[in-house]
Amino acid sequence: MISRRDFLQVSMAASALYGTSGFGNWAKLAAQQALTQDDLLKFDTFGNVSLIHITDIHAQLKPIYFREPEINLGVGAANGQMPHVTGADFRKAYGIEDGSPSAYALTYNDFSSLAQGYGKVGGMDRVATVVNAIRADRPDALLLDGGDTWHGSYTCHHTEGQDVVNVMNALKPDAMTFHWEFTLGSERVNEIVEGLPFAALGQNIFDAEWDEPAELFKPYKFFERGGVKVAVIGQAFPYMPIANPRWMFPEYSFGIRDENMQAMVDEVRAAGAELVVCLSHNGFDVDKKMAGRVKGIDVILSGHTHDALPEPVQVEQTFIIASGSNSKFVSRIDLDVRDGKMMGIRHKLIPIFADVITPDATITKLIDDQRAPYKAELEEVIGTTDTLLYRRGNFNGSWDDLICDALINEREADIAMSPGVRWGPSILPGQEITREDIWNVTSMSYGEAYRTEMTGEFIHTILEDVGDNLFNPDPYYQQGGDMVRIGGMGYRIDINKPQGERITEMTLLKTGEAIDPSKTYVVAGWASVNEGTEGPQIWDVVESHIKKQGTIKLDPNNSVQVVGA
Amino acid sequence: MKFTRRDALALGLGATAVAMLPMRALAAADEAIAAFTGGAETGEGGITLTAPEIAENGNTVPISVDAPGAASILILAAGNPTPGVAQFTFGEAAGSQAASTRIRLAGTQDVVAIAKMADGSFVKAQSTVKVTIGGCGG
Numbered sequence: 001m002i003s004r005r006d007f008l009q010v011s012m013a014a015s016a017l018y019g020t021s022g023f024g025n026w027a028k029l030a031a032q033q034a035l036t037q038d039d040l041l042k043f044d045t046f047g048n049v050s051l052i053h054i055t056d057i058h059a060q061l062k063p064i065y066f067r068e069p070e071i072n073l074g075v076g077a078a079n080g081q082m083p084h085v086t087g088a089d090f091r092k093a094y095g096i097e098d099g100s101p102s103a104y105a106l107t108y109n110d111f112s113s114l115a116q117g118y119g120k121v122g123g124m125d126r127v128a129t130v131v132n133a134i135r136a137d138r139p140d141a142l143l144l145d146g147g148d149t150w151h152g153s154y155t156c157h158h159t160e161g162q163d164v165v166n167v168m169n170a171l172k173p174d175a176m177t178f179h180w181e182f183t184l185g186s187e188r189v190n191e192i193v194e195g196l197p198f199a200a201l202g203q204n205i206f207d208a209e210w211d212e213p214a215e216l217f218k219p220y221k222f223f224e225r226g227g228v229k230v231a232v233i234g235q236a237f238p239y240m241p242i243a244n245p246r247w248m249f250p251e252y253s254f255g256i257r258d259e260n261m262q263a264m265v266d267e268v269r270a271a272g273a274e275l276v277v278c279l280s281h282n283g284f285d286v287d288k289k290m291a292g293r294v295k296g297i298d299v300i301l302s303g304h305t306h307d308a309l310p311e312p313v314q315v316e317q318t319f320i321i322a323s324g325s326n327s328k329f330v331s332r333i334d335l336d337v338r339d340g341k342m343m344g345i346r347h348k349l350i351p352i353f354a355d356v357i358t359p360d361a362t363i364t365k366l367i368d369d370q371r372a373p374y375k376a377e378l379e380e381v382i383g384t385t386d387t388l389l390y391r392r393g394n395f396n397g398s399w400d401d402l403i404c405d406a407l408i409n410e411r412e413a414d415i416a417m418s419p420g421v422r423w424g425p426s427i428l429p430g431q432e433i434t435r436e437d438i439w440n441v442t443s444m445s446y447g448e449a450y451r452t453e454m455t456g457e458f459i460h461t462i463l464e465d466v467g468d469n470l471f472n473p474d475p476y477y478q479q480g481g482d483m484v485r486i487g488g489m490g491y492r493i494d495i496n497k498p499q500g501e502r503i504t505e506m507t508l509l510k511t512g513e514a515i516d517p518s519k520t521y522v523v524a525g526w527a528s529v530n531e532g533t534e535g536p537q538i539w540d541v542v543e544s545h546i547k548k549q550g551t552i553k554l555d556p557n558n559s560v561q562v563v564g565a
Numbered sequence: 001m002k003f004t005r006r007d008a009l010a011l012g013l014g015a016t017a018v019a020m021l022p023m024r025a026l027a028a029a030d031e032a033i034a035a036f037t038g039g040a041e042t043g044e045g046g047i048t049l050t051a052p053e054i055a056e057n058g059n060t061v062p063i064s065v066d067a068p069g070a071a072s073i074l075i076l077a078a079g080n081p082t083p084g085v086a087q088f089t090f091g092e093a094a095g096s097q098a099a100s101t102r103i104r105l106a107g108t109q110d111v112v113a114i115a116k117m118a119d120g121s122f123v124k125a126q127s128t129v130k131v132t133i134g135g136c137g138g
């Protein structure tokens, strides 16, 4: 039988290639329940270049809980392929024992009880310790930030990203690409980027008026590391003006632009690049497709879809690394580059167990300094929960159920809609819910909660539209979010049908009646992409609802019937 | 409150212009192709059409086409009520046979480019452009 290690050896044309994730060691240690910082960081330095990848932090500077998805369906060629594997199947694929730290970090099962045992994850002061340890092994390691960094918390919102910028700058990244950063508005993004002490990259960030590369963002940057000429090419989120409000950054245009990506790869190769790294916010399936179409990329550091994979996924000669979200993971990738070619790869997805990894005291202080002016507001307890609150997954998470309940009750609506974003930490049963917790799952620069009337037909159109952004069999037509969350209404979705035919059996839950296409319903929602949306901020709506409830207790949500998975 | 399509777009959760494309439009596109080619077969290759996979704004979608050696290039938005977009004619002294423009798309549809080559043969390229207001990014 061919082993995974052999597979990596034979599947790349270069000789002397070998790859190992280091995951085997980790799993074994996990089984022994003896996790130490040294174990987590253990890595036999390899080759001559090291990359450190962190992505989709969403402004989570402090340790949090984060439950990985239970439902993460792939359609077409992605069906059953990583990262569209969850739970027991995921553990089986990587040889992870039930109940082990790896099981806790990478899968959803028994989350509440494992979280009690293993504690919180993430925290940028812990990440700093890991980065410093890798730099101790390899002083010129490249630290690359995949974006979705300056968004997602109370302090980030109130400082317009400055808190995260200050903390990240202290970690001294070498380059970064972007997505939610642009929702700060182009003026603020430009202001921060102009002052960044590292490269702001995006070969697909264009000037909207002239359809030419934007001046402020460079397509790539060269680094000399371990005697190797490394080119890092940035790829920002392609669908920013569609998935987020275009009016906030009207000067910019994006898109996948893989023909320009190929041109950039050819350009850096011609200029002597021996290693080509793509720092991407495409989302995993888009990266996989791009890797098959663009020739000459050695490594894609993949962000956006928040997948955490303990081993690289190989597409022809390109290795794709997925490093999770919310500061829960850091990836270390060591590469052997010789004679102008990548000859070997060794990779480790390092889970940031907050109780195991010693925080870097300087960064802890820096984070606390950012939070100090807001401490009282952040820590105010709004309620408690008896139910595990989480978001990640293709359909409703319990956090979304709670938000939809809040919208229906506070805004007196029949039906609620909540965006299928993938960020937002989890809260364990028995835990208090603070204002910070509410902002962690709602904070954004366009959080107004609208209330309006829609016909049944129109609600159907919306569901079909969002469904196609998730389940179109061609990844280039997906946007990388999850399905819009619905409160007060059930439906059936056949994910393999074409747009217009996926959604059936829409039912108004409070009456049990079928949704009438011609009838009008009151719908409350938030996160509108268009200018001028009116309503209270969603975090205020949710806070008011939780305050009234006192203790949150949610029934399991079985209102979405999924077919074709 | 009356709910118009424009208001719907303001909700951000995915209003759409995906609605059925009228058969009339598709027939009109076929007619326009037939008028341009005189009914001749269209081959593949030798023409590159660049268009976004998903339009950022359906009202102004940047496209470009490049067909080295073409005498003229016809561009159609197959799903628009009036499919004709442009026809570019290149003189013998033209340095290249490429063009860029922006087009308005009524909904998700195929954009079609057909080039008439110097020898009188035709080549075709097409690309599906999705027009959507998605609303939810990861």
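Same order as they appear, the protein sequences are chains A and B. Mapped onto the UniProt record's numbering, the consecutive letters of the first sequence carry residue numbers 1 to 565. Mapped onto the UniProt record's numbering, the consecutive letters of the second sequence carry residue numbers 1 to 138. Glycine included, every Cβ here is placed at the ideal spot set by N, Cα and C.
When secondary structure is reduced to three states using DSSP, residue 116(A) falls in the helix class. Boundaries of the beta strand (DSSP E) harbouring residue 494(A): 489-494, taken from the DSSP string.
With a contact defined as Cβ atoms closer than 8 Å, residue 306(A) and residue 56(A) qualify at about 6 Å.
Residue contact check for residue 405(A) against chain B: no CB pair falls below 8 Å. Per the DSSP secondary-structure output, residue 143(A) pairs in a beta bridge with 52(A).
Here residue 102(B) is exposed: its Cβ has fewer than 16 other Cβ atoms, across all protein chains shown, within 10 Å.
In this model, residue 72(A) and residue 91(A) are separated by some 15 Å (Cα to Cα). For residue 455(A), the uninterrupted beta strand (DSSP E) segment begins and ends at 449-455.
Take residue 189(A), set aside five residues on each side of it, and the residues of its chain with a beta-carbon closer than 6 Å to its own are 181 and 182, in chain order. When Cβ pairs closer than 8 Å are counted between the two stretches, the segment 225-233 of chain A is seen to touch the segment 45-55 of chain A, the count reaching three or more. Just so you know, the alpha carbons of residue 413(A) and residue 492(A) end up roughly 21 Å apart.
CA-CA distance, residue 45(B) to residue 127(B), rounds to 14 Å. For residue 224(A), DSSP records a beta bridge to 229(A). Within the segment 278-312 of chain A, the residues whose Cβ lies closer than 8 Å to some Cβ of chain B are 283, 304, 305 and 306, listed in chain order. Residue state for residue 108(A) is assigned as coil, using DSSP reduced to three classes.
A straight line joining the alpha-carbon of residue 81(B) with that of residue 430(A) spans about 59 Å. Burial state of residue 282(A) is buried, judged by a 10 Å Cβ sphere holding 16 or more other Cβ atoms.
Contact annotation for residue 255(A) against chain B: 52 [CB-CB distance below 7 Å, chain order]. In the DSSP annotation of this structure, residue 444(A) is not part of any beta strand (DSSP E), being labelled neither H nor E. Neighbours of residue 401(A) in chain B, taken as residues whose beta carbon is under 9 Å from its own, are absent, since the nearest beta carbon is some 16 Å off.
A check of alpha carbon separations from residue 511(A) across 502(A), 556(A), 521(A) and 504(A) identifies 521(A) as the nearest. In its chain, beyond the 5 residues on either side, 204 and 238 have a beta carbon closer than 7 Å to the beta carbon of residue 255(A). Annotated three-state conformation of residue 374(A) is helix, per DSSP. Taking the beta carbon of residue 62(B) as reference, the chain A residues within 7 Å of it are 211, listed in sequence order. The segment 527-545 of chain A and the segment 455-462 of chain A do not touch, with fewer than 3 CB-CB distances between them shorter than 8 Å.
With respect to residue 405(A), residue 487(A) sits close: the two C-beta atoms are nearer than 8 Å. Looking at the DSSP output, residue 234(A) sits in a beta bridge with 279(A). Residue 559(A): not part of any alpha helix (DSSP H); DSSP gives it neither H nor E. Distances from the CA of residue 523(A) to each of 216(A), 243(A) and 508(A) were compared; the closest alpha carbon is that of 508(A). Out of 45(A), 41(A), 35(A) and 39(A), the CA that lies nearest to the CA of residue 336(A) is found in 45(A).
Of all residues in the segment 236-260 of chain A, only 237, 238, 239, 240, 241, 242, 243, 244, 245, 246, 253, 254, 255, 256, 257 and 259 come within less than 9 Å of chain B when Cβ atoms are compared, listed by chain position.
The beta carbon of residue 521(A) does not come within 8 Å of any beta carbon belonging to chain B, so the residue lies off that interface.
For residue 304(A), no beta strand (DSSP E) encloses it, and the DSSP letter there is neither H nor E.
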